[in-house]
Amino acid sequence: MGEVVSENPTLEPAARKLSTWLANDGFNTDEGGVAVASEFPFVVVAVVLDDGELNIKVEVEDLKPKKPKVQTSTIATENGGSQGVQYQSAAATSSPTEGSVSHSGTDDLQALKTRVLCSIADNYLRETPPKSIEDHSRFQEHLRKMSVNITGFSVGSLLITVKCESLQILEELWTYYSSGHLGEIVQNCFATEKILEEMNLAELKLKTTIDIEEYKARKVYFERVAPRDISAVEESFKSDNPPENKRRRLTDNTAVVESCKSDDPSENKRRRPTDILAGEGSFNRYDSSNSKRKRVAEPLNVEKCREQLRSHYDTFSKVKTVPWNDSSSIPIDEIYTPLSWVRDERTPSGARQEELEDYTDMFKGNKHHRKPTRMLVYGRPGIGKSTFCKKIAYDWSKALKEILMKFYIFLMIKLRDVCDMKHIRDVLVASKLLAGDGPIAVESLHDYIINNQDKVLLVLDGYDEYSCVKKHSPILEIWRGEQLRDCHVIVTTRQFECDELTGPSHIQFEIHGFRDWKQIRAYAGKFLTSEQDVEKFTAYLKEKALKDLAEIPLLLMMLCRLWNDPPLDGLPTSRAGIYTEFIQTMLNHKVEREKSVLFQKVTSTEVREDLSILGKFAFDALLQGRLFVRCSELPHRISRTFGKLSEVGLFQIVNTTSLNPEKGAYFIHKSVQEFLAAWHMKEEVLSIKRGSMTSLSRLESVEKILKVIEVLKFACELSTEAASAVLHYFASVEKMGSWLDSGLRNLIQSTGNLFEQKGLLTLISHSYFCCSPERRRDLFSTFLSRTKGIMYLDSSQVNIVAKEHLLKSAVAPRCIFFSYLWFECSEQSYRDLITVAEDVNAVVGSSSGEKKAADFLRKHACRRQCDFYFLKISKIVLYIDRIISGEEEGYPFPTKMLRELVSSTAESTQEKRVCDRFQEHDKETASCSTESTVSITGPIPHSLSRLRRILVGDIARQEVETLTDILPLVSSLEHLSIDNVSGISDAQLMEALVSSIKYSERLHVLELSNARLTSRPTAAIARSLHQAPNLSELDLSSNPLGKGVSVLARYLSSCPDLWRLWLEDVKMTKEQMKDLSVAVRQNDIEVFTAYHDEKGNLKPEDERCTLGGIKIGPATDSEDEHESGSVSDLFNGQESGSDSDSDHDEKSG
């Protein structure tokens, strides 16, 4: 044993003598003895055997070998061990290429994982040559900073044994582990480039585990066992030769002594040795004379915890049908109406949205995240995000959704309640999910969450209402996966406030609210008295064009309440008007119930001034990220108005934090705070000259404007003067012009997606159209200058543009986009589109030349089948963005319209000339000055050239021929879906259609189901996959693909982003089944066939799906004979004339 020497001058000789005596008596002082935790405020005298040791288990969670190389070798190591360790490396073999490992297709995965762990141990845990000293020290240095030392390791899983010399060090290590930081350190220190190169791996993911039972046992020892043994140590220390039985007892346990350091150095010197040994002031970080020691968390009783949570959600999930009547609360399932949801896929060419059948579809993954654990849900204010959170909590508590039942623990946390919390445990306490005096301790729940993350679902509602001034936000750490990485987490926020959340999210969803009248009627029926009343109400909404407002559940509820007690001049037509009247209605009902003195109208001078003062504090709070105003700051003179608004429920008066007794007025909804802030801004405009307007002047950047975008919208609706002031103010905002210019460049170069600019464009348009009709024409050039010539309009704004002919004899915009889908719009909206086309003299580009767009639209009433937009080239051109048709939906295929666009006496020549001109135009405009007009010379581009989506079903020969003619003109196709082709016996017709598809990096989804595809067109699709590197979904279901399956299996590797392949109801031979199984598993593709599970493994014959009640067996060779040629012909028959295809074939082969 080596001599134990302490570097701490305050350690008394008694402690030194104690440590020396213990060392001489058999304790391992090379690893224990006296250790000074210099980074913590105490001295530790510790001897550690079993009771201070803890195992850190490191496993290989996932790895991906590199593609096989020509030269291969295996790792050469030698058997060996370390102090107190059993360790054995992989067997040594000779190697032609030093430092790399080959992996055959049949290589045992577990053996490979073991070799990886052996290599990690060899390189970073055993004694190493001088060249790797730095790497060798990194992991151990991290542990030394916590006063944790490695005492040994073994390999099976890599088991690293460390010792903790005090309760504090033990808890610091546990916190480090539970927060995910220890796992990150292990990953960074061990999964190095050296290991990847040595083991010939492309990726290596390690999993770090500390057993909670070991941790609890060590914690119990430090809190209960060690203090008892301290007295025995002190007693034995009185003699130089302690009794043998006491000596033996000491060797069976760990003696730990802690002593607090005083801020006064002299105080430390005055401490007696017996004070140190007795533990005076020990565990002071956790104990004090008037506080309890933190108790060890008992194991969670999961069933009792679930009962507590169910009880909470039963109460929490109720909704008041009458906002001013507390007794009107009912269970959410009695009022909930399903909302429209879309999956939002961000791609290199823009955003792609796919409708969901049910909100539970959010748990389905994508190519990059097969089992997503970070799900972002966003939407407009009042769209139903919080209501969705209540619904999913209710569904879990009542076991109504099967997919939710895999989560043992469901935690729904309102983020506005947990602002500025430092730790997850604090978040759990502040959320009040468990009763403070109930049978379930928060510590137990916390420990369970950490150790059973895959069984926990966290729903964090209202990130836009969350603020954290602390350096570290536990909510963001959870979302970024720095803590609770394996928990499933759903976060809700507003549409334009999710930038910092999008990056870490695995998948995103947008709630659209009520997109059809059926949903609106169903929801209105929950509040109105009769079906007849619902019909009258719906008719009124249609007559007044209020569907945009009715889409938002919160506003629809307010409209229903106002319908029952309507204002004299009818229902309001703006959000601000609805809020104004609704607040007045709430005040009136309060007066009626209490038979008190009638409160003045909110539009009276006195109340207006009071609301403005209150609004100023609301605005200040928004800029500071607060959802409350401090009651102590409010002037006394507005107390009556403030009191009345509190009484009707617009505020909740509570402590600002659980630790701060100061009272704060919390708004019942963030939109109420924004409305009052806008009221102040409006009053400011009306009473102060524009040059001295203070509220707007505080919004000096695009980021700050987007933060209070709803305030500005409300202000514009409250006053035409405020709208004009907001519109003029945009000219002074830094970087706004460049922000919009980048959107226009992307629009011209790519596909017309303006997702990042939508919020700002919507706001500018809103401010302009809220101006008085008399001023709009004068302000039109100002409006276009603010938007850089981009018009992004909703249906009501298009109606104003058409009715007032704002575009006639005015400066032409650079583009006109619409914020809605045309198949959802009224005939009036289509007539407005024709008027706009006429006013700007728009043209249609066809194969036979230019056509007048207005005449073209009148001739072909195709609003339900097409989406449009205008873009200025040399002239304003009408482009078709999407084609949709289906007999079941009542949208017939627009054959006549499309035939007019493609008909020409020299189609092929015109087609090439137009498409080439369009490509030149793309290149030229990419470098144009943002102030110049987009222009080209010669024929204008074809109006189909920017077509992004074709979604058609139930088509026959005529429609197939038309599609075959238009597809060569389409250069921006993202989604092609053809379903159910009938009445075609000519295989060559489908071959011609397939050959006309232009594959490019913009194509993401290709669906040709029940389209009578045979082997030859299937082979053509397969050989073209390398031209569509971003293709993510391919559906060739219900087709007689024959030998084409073999070709497809071979070429799947040429499409790196493909993650879903549908071949349902497609017969295959046994060989094809095997080939496809290998291909999809090698390329990590989800497959849907009768013969495979989703991962590509072959199913047992008795588990295969059925077609028409008949089980699908394998195809026989004779069944495939009708396909002309061999599989080899399909691989090579159409490639002989293409060098590029041959080169690609050689690479992929």
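Just so you know, we're using our numbering here: the sequence shown kicks off at 225 and counts up by one. Note that CB positions come from ideal geometry on N, CA and C, so glycine has one too. Please read all numbers here as calculations on a predicted model, not as lab measurements.
Boundaries of the alpha helix (DSSP H) around Gln-1021: 1019 to 1028. Uninterrupted beta strand (DSSP E) stretches at least 3 residues long and entirely within the stretch 1260 to 1313 occur at 1284 to 1286, 1310 to 1312, given in chain order.
In the DSSP annotation of this structure, the continuous segment of the alpha helix (DSSP H) that includes Gly-839 starts and ends at 829 to 847. DSSP places Val-1060 in no beta strand (DSSP E) but in the uninterrupted alpha helix (DSSP H) bounded by 1051 to 1063.
With 16 or more other CB atoms across the displayed protein chains lying within 10 angstroms of its CB, Ala-774 is buried. Following the DSSP letters along the chain, one finds Ser-553 inside the beta strand (DSSP E) bounded by residues 553 to 555. The alpha carbon of Val-340 has as its nearest neighbour, out of Asn-1321, Gln-392, Glu-283, the alpha carbon of Glu-283. Taken atom to atom, the span from the alpha-carbon of Ser-1050 to that of Tyr-1103 is near 20 Å. For Glu-775, the three-state secondary structure derived from DSSP is coil. Inclusion of Glu-1231 and Glu-1257 in the CB contact set at 9 Å is warranted, their separation being smaller than that value.
Fewer than three pairs of CB atoms, one per stretch, sit closer than 8 Å, so the stretch 664 to 676 makes no contact with the stretch 609 to 627. Lys-1075 and Ile-1040 have their C-alpha atoms some 19 Å from each other. With respect to the 9 Å criterion, Asp-1178 and Asp-1203 are classified as neighbours on the basis of their beta carbons. Looking at the DSSP output, Ile-393 shares a beta bridge with no other residue. Counting only runs of 3+ residues, the beta strand (DSSP E) found wholly inside the stretch 1180 to 1235 occupies 1199 to 1205, 1229 to 1233, in chain order.
For Ala-949, the enclosing alpha helix (DSSP H) covers residues 944 to 953. Beta-bridge partners assigned by DSSP to Phe-1094: Ile-1040, Leu-1102.
Gly-737 places its beta carbon less than 9 Å from that of Pro-777. Per DSSP, Pro-523 lies in no beta strand (DSSP E) and is assigned neither H nor E. Under the 10 Å beta carbon count, Glu-422 is surrounded by 16 or more other beta carbons and is classified as buried.
Leaving aside the five residues that flank Ile-1174 on each side, the residues in its chain whose CB is nearer than 6 Å to its CB run, in chain order, Ile-1107, Leu-1200. In the three-state DSSP reduction, Tyr-1115 falls in the strand class (E or B).
For Ser-1070, the enclosing beta strand (DSSP E) starts and ends at 1067 to 1070. Per DSSP, Asn-412 is one residue of the alpha helix (DSSP H) stretching across 405 to 414. Secondary-structure assignment with DSSP links Leu-1322 through a beta bridge to His-1316. Proximity of the stretch 1273 to 1285 to the stretch 1240 to 1258 meets the contact definition, three or more beta-carbon pairs being nearer than 8 Å. Within the same chain, Cβ atoms closer than 7 Å to the Cβ of Pro-1280 are found at Pro-1253, the five residues on either side in sequence being excluded. The beta carbons of Val-872 and Met-905 sit about 23 Å from each other, so the pair does not count as a contact at 8 Å. Proximity of the stretch 561 to 568 to the stretch 1214 to 1226 falls short of the contact definition, fewer than three beta-carbon pairs being nearer than 8 Å. Note that the C-beta distance between His-712 and Val-680 is below 9 Å. In the three-state DSSP reduction, Tyr-672 falls in the helix class (H, G or I).
By the Cβ test, the stretch 990 to 997 is not in contact with the stretch 741 to 753, since fewer than three Cβ pairs between them sit closer than 8 Å. Around Gln-732, the same chain offers Asp-568, Leu-600 as residues with beta carbons nearer than 6 Å, after the five sequence neighbours per side are excluded. Remark: three or more beta-carbon pairs, one from each stretch, lie closer than 8 Å, so the stretch 837 to 855 and the stretch 893 to 911 are flagged as touching. Taking 9 Å as the cut-off, the Cβ atoms of Val-909 and Leu-846 do not count as close. DSSP places Asp-685 in the strand class (E or B) of the three-state scheme.
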